[in-house]
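In this text, residue positions in the sequence shown follow full-length UniProt numbering: the first is 1, and each later residue adds one. Before any comments, here is the structure.
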Amino acid sequence: MAPKPASRAPTAPTPRAHDKGGMTHAPSPHDSDDEDMSSVEDKSTRWPPLRLSRLPSRPHSAAARMQQAPYPPAADRNDPLSSDDQLGAPVFSLDMPYSLPQQAEGSSIPLTASASRHGQQQGRRLRRPPPIRTPKPSKGKGCAIPPPLLPPSSPLEDDMYVEGAEDNTHPLEKEKQDQPQRKKSNWVEPRPLPNAPIVPFQRTGPPPRPARSSLRPPARRIKARGGRKPAPAPIPAAAYAATASRAHSASQAKAVNLVQLARAAPVASPQVIVKIHEEQTGRAKHSKAKPSFTTHGPSRNQVLVQFSSEKACPSTPFATVQREVNKALIQRGFTLRVQSIENTYGGWTLKTNGVAKPDEIDLIRGAIMNGIKDSNPWVGLPQSTSYLKIRGVSHFSDREGTVLTMPDDIVRAMEGLPYKQWWQLMSAPRIVPESKASTSTTVFFNILDSTKGKNGNTLIGKCILIFNQACTISAAAANPGPDHITWRHLKQILALRKCAGIIIALANGCIESGHWPIHFKESTSVIIPKPNKPSYSTPKAFRPIVLLNTLGKLIEKMISNKFQHDMIKYDLVDANQMGGVRQRSTKDAGLFLTHLVRARWAKGLQTSVVAFDVAQFFPSINHQFLLAVLKEQGFHSKVTKFFGSYLVDRFTSYAWNRDTSDPRRADVGVGQGSALSPVLSALVIAPVMKIFRIKSVGLACTPISYVDDGDIIVQSPEIATNCVMLRHAYGIVFDLFTGSGLALEHDKTELFHFTRARTGSDRSLDLGYAPYTADNPLKPKTFWRYLGFYFDRKLTFKEHVRYYTTKALTTVMAMRMLGNSTRGLSPCNKRILYRACVVPIATYGHRLWYYEGAKVKGALKLLNSMQRKAALWITGAFCTSPTGGVESLAGLPPISLHIQKLSLRAIYRTATLLDTHPIWSLMRGEHAKTATPNLGASCWMSVDRQKNVRDAVTETKAKLDQLTEVFSPCAEENTPGLRLLDRHQKRVLFNDFDPKGEDALAKRRHLLDSTYRRAMTEQDAVCIGTDCSVPKRAAHQATASFIMNRAGHEPTASTWVTGRVLSACAELFVIWSAVVRAVMLEGCECIIIFTDSMAAARRSVDPSVHSGQAHSLAVCKALSRWFSGGGDR
């Protein structure tokens, strides 16, 4: 503790001042009053002299002293402050620790409650207490210049005191007004205070905190050792404006710090602080964000001109029109100028240097009418579109519920309302039912509007009456694409057979005519930053995603589906092209690479890989080269002509955040969002891969391609030899891509060595191309990330499992914000979320490290820990609950069993692959099928060496013999455009049963009975009932039977043993048997099948790859032959 100073006459407490470093020091006896006042007020302001007549006795307790506080809290002050008073004047009560209590008229003025007891002698004059020094600002050095005082009408004054009966005028001010001015000679200078003793290593307390506002909750009183902490000193009035003035004068570009302003004015309300902030810095500008229900529309720096007669447009040169219009604008003194004129939108577009005003538009229209005789054009600005909707509109327009609501009914109802002036419909309203069984609909309508959505904002929230029912207008999200049709709309359109036929005819017409409509060539390119980039200062750090017309995307998918089938059927791409081709994925590429590495390890060879990347692949595809490839591959001339129209005359608008540019030409490459982009990119890479195989025969290397990512794999006894071969192979690849109009990004090239040896894995490669030359060779990586897999040099995949387990665990921990045991999602929804979003992440690439004989104990331990966290979150159980119990309660199978099931499915998936798939090239014998054999596979080694190779490919080869079913992915009946439903969609009908609704079962029974009775009255109709039975025990076989009935014939029944199969396969078998028997009957023109499995009925006419595909192919073949025999069947 510091020693007490010597005894001296007690005076009013003097606060410590602060230096630059934040330390405190006592005022020096040499400090004058003027210096003390210079930091907060003007030097000319003087305190009036005080004459002491009587001093009140000082209360002994703190509570009693607090009761003598002269002023109530800020919330209780009711007297307005006089407009003549300045807030910075010394009469303001906050300049003293405690204010003087009010006295009756004629009494003397008492001293403050903080005055010394020893100074209670009558007739003695005391010096006024020095003012409280305000804390210096956080930035800047030296003394602050005193800011100007606030004006009398400052909003702060109005907030400090409100109207009331109490007079809050300071007693000193009263004495100044009542008593005559004292002479300066009457002032007696008090004795100076001695300096406080300096104690070595004494810690000083923090600076005094400002008083808390009455609007905030009161602070808790904390008692420290040695007594109660002193109350914080109040802030002088001048500091309210000083804080804002200093911040504003320091930098005009920065706004005043509201935190500093709030600290300087603790008793002021937030509204007053904002007013002071706005007066000092100006009102903040509000961002003009465009509403989400309004399209951005074309640029308004143009004027559209539409003529009633198109013959007058070409006759006048654009240069003449531009000169005359600008001449008229100059004569009237307008600053608007026409910069160019184009033929767009069926008329003229005048590009201007700004947005034209109404007077300028009228002047432009008059100038055009003077130049072009007998013309009455429409001249105006381009408009945007607002998308609105009306919910709760009745699905029926009559009370009986028999007449459906039509768009014309909505238009008539809208025209009779008082809001007609705000909408101008662009098209007929669209009526969308809210559900299949709902009697209410949602009406979508588009109106012409400004870019700010003025009309839309006016209509939103308005209540209108439609069919005597109150409905409210609300905003609808603006849909991508020029036609603003979503996939939801297309699904409802395609459900109608007539509309589906029109879209199919449109797609066929595009191919036949070799033309792609201009409406489908308009797009929006959204610029999306690539994640985890060190810098976003270059265009390479962003990825453009093209948003196309929805109807155009549907037709593109139809064409792409046909191309994909032809590419894999006629082997138009290389066998090692894994991306952009059907039935080939990243997992196939990973299995192919790991098997080659392990097979060569068994022969004592080392594997090295160079991975390269094509720079700006999709935008850099050469159109002429692509068309030449299509012609060389043998496609029809109509297809080549179609792509010649598809690739040119394309326009796109670039979208960045909320800003959208004007349409610009985008005739380069193919859009990175089109369904045809993967197909076209695969066709471009195919000749490069084929020529590389020819030129690299002596290097014994294997190429792999996945869209724009490629690998060169070489194998030899020494890694040094691998580096030499990789350099030559990379040079060949570089020359081939350069000749195709593409370029490689050398800085993205990566090198990796697969080796079990302790040395040699760090050998660098002189690539021969900058930046990786002899001075700066390409160094191999410790872990290689390729297609999402993390490879290590020994293929243990520990880093891969660790990365994806951590990613899945992070996702589970983040999902906790969606709910817990008391709120949020239900356990069922949590389980669905986990199975859909977390399990695919955790099990990605499991076939690379999970196979028979693999050491997976450590990997499964990490995955079990992750799933335990998820099970605890789903069930809300305690952390000490057993893992098996919480997983069982959450409905989650053990992660090991789940991965085992996925591995078994992956093995069976291999049986559905095409005969030329690269996985078949790693096998031998009957499993190789028609694929070109890869001599680096383990199947070409001796039996003893094959035992040393263990991976997913060898496991698949061993278990494929257990699968007896045969699949045909490229069957003739499965060709797009030649499938049964593609050619005879109107002849195959399905009558589904909807169990919802009242008496649904009774209505269904009545419908089936009436259908059967009507069929029995016709001689050419055949009714068939099918069913199957699957036993519970696996030792027994399933049975299936059908019964066939026809008018005038006896019913026939047949029962079959279908083997140890599931119910779906048994249903398919019995339907195939019944259809084959029915089409053989003479005079049969209609076949009606009654079954309890509509899924099996639909799958019977689906020739795609699925379990029981052979039965479906047989049904499609029989029905196709039967349909071709008569047009009425």
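Note that the Cβ used here is the ideal one computed from N, Cα and C, for glycine as well. Here the structure is a predicted model, which means the values were calculated and not measured.
- Counting only residues of its own chain and dropping the five nearest sequence neighbours on each side, F612 has a CB closer than 6 Å to the CB of G710, L744, T749.
- Taking every protein chain shown into account, the CB of M1094 has fewer than 16 other CB atoms within 10 angstroms, so this residue is exposed.
- Taking C-beta atoms as the reference points, R600 and G936 count as a pair closer than 8 Å.
- Distance from the CA atom of R987 to the CA atom of T975, rounded to whole angstroms, is 19 Å.
- Taking 4 residues as the shortest admissible run, the stretch 486-515 contains the following complete alpha helix (DSSP H) segments, listed from N- to C-terminal end: 487-494, 497-513.
- Annotation for L981: V988, V1101 place their beta carbon closer than 7 Å to its own, counting only its chain and skipping 5 residues before and after.
- In this structure, the alpha-carbon of T458 lies about 49 Å from that of R1004.
- For the pair S764 and F791, the Cα-to-Cα distance works out to about 18 Å.
- In the three-state DSSP reduction, C879 falls in the coil class, being neither helix nor strand.
- Shown here, G552 sits in a helix according to DSSP, grouped into three states.
- Judged by DSSP secondary structure, H753 falls within the beta strand (DSSP E) whose first and last residues are 750-754.
- Annotated three-state conformation of W348 is strand, per DSSP.
- For D588, the enclosing alpha helix (DSSP H) has its first and last residue at 586-602.
- It is roughly 14 Å from the alpha-carbon of V338 to the alpha-carbon of L381.
- Contact between G671 and V546 holds, with the beta-carbon distance rounding to 4 Å and staying under 8 Å.
- As for any alpha helix (DSSP H) of minimum length 4 sitting wholly inside the stretch 774-818, the runs are 798-814, ordered along the chain.
- The C-alpha of S674 lies about 15 Å from the C-alpha of L683.
- A contact between stretches requires three or more CB pairs, one per stretch, nearer than 8 Å, and the stretch 904-920 meets this requirement with the stretch 584-595.
- Take the alpha-carbon of C970 and the one of L1113: they are about 11 Å apart.
- Sixteen is the threshold: since fewer than 16 other Cβ atoms of the shown chains lie within 10 Å of the Cβ of W656, the residue is exposed.
- In the displayed model, I907 falls within a helix according to three-state DSSP.
- In the displayed model, Q715 falls within a strand according to three-state DSSP.
- Between the C-alpha atoms of F1123 and H984 there is a straight-line separation of about 8 Å.
- With a cutoff of 8 Å on beta-carbon distance, D1027 and D951 are scored as not near each other.
- Annotation: the continuous alpha helix (DSSP H) that includes G366 extends over 358-371.
- Non-local beta-carbon contacts of S397 in its own chain, meaning distances under 8 Å to residues more than five positions away in sequence, involve V403, L404, T405, M406, D409, F467 in chain order.
- Note that the C-beta distance between F967 and I1024 is not below 8 Å.
- The three-state reading of DSSP puts L889 in helix, counting H, G and I together.
- Taking the C-beta atoms as reference points, L795 is found no nearer than 8 Å to V949.
- Cβ-Cβ separation between H746 and P771: approximately 7 Å, consistent with a contact (criterion under 8 Å).
- Nearest neighbour of I1071 by Cα position, chosen from C1116, R1033, N934, H1106, turns out to be C1116.
- Cβ-Cβ separation between T349 and L304: approximately 6 Å, consistent with a contact (criterion under 8 Å).
- In the assembly as shown, L978 is an exposed residue. Its beta-carbon has fewer than 16 other beta-carbons within 10 Å.
- Membership of F651 in the beta strand (DSSP E) is indicated by the continuous run 651-656.
- Relative to the Cα of R543, the nearest Cα in the group N532, L572, F643, T810 belongs to N532.
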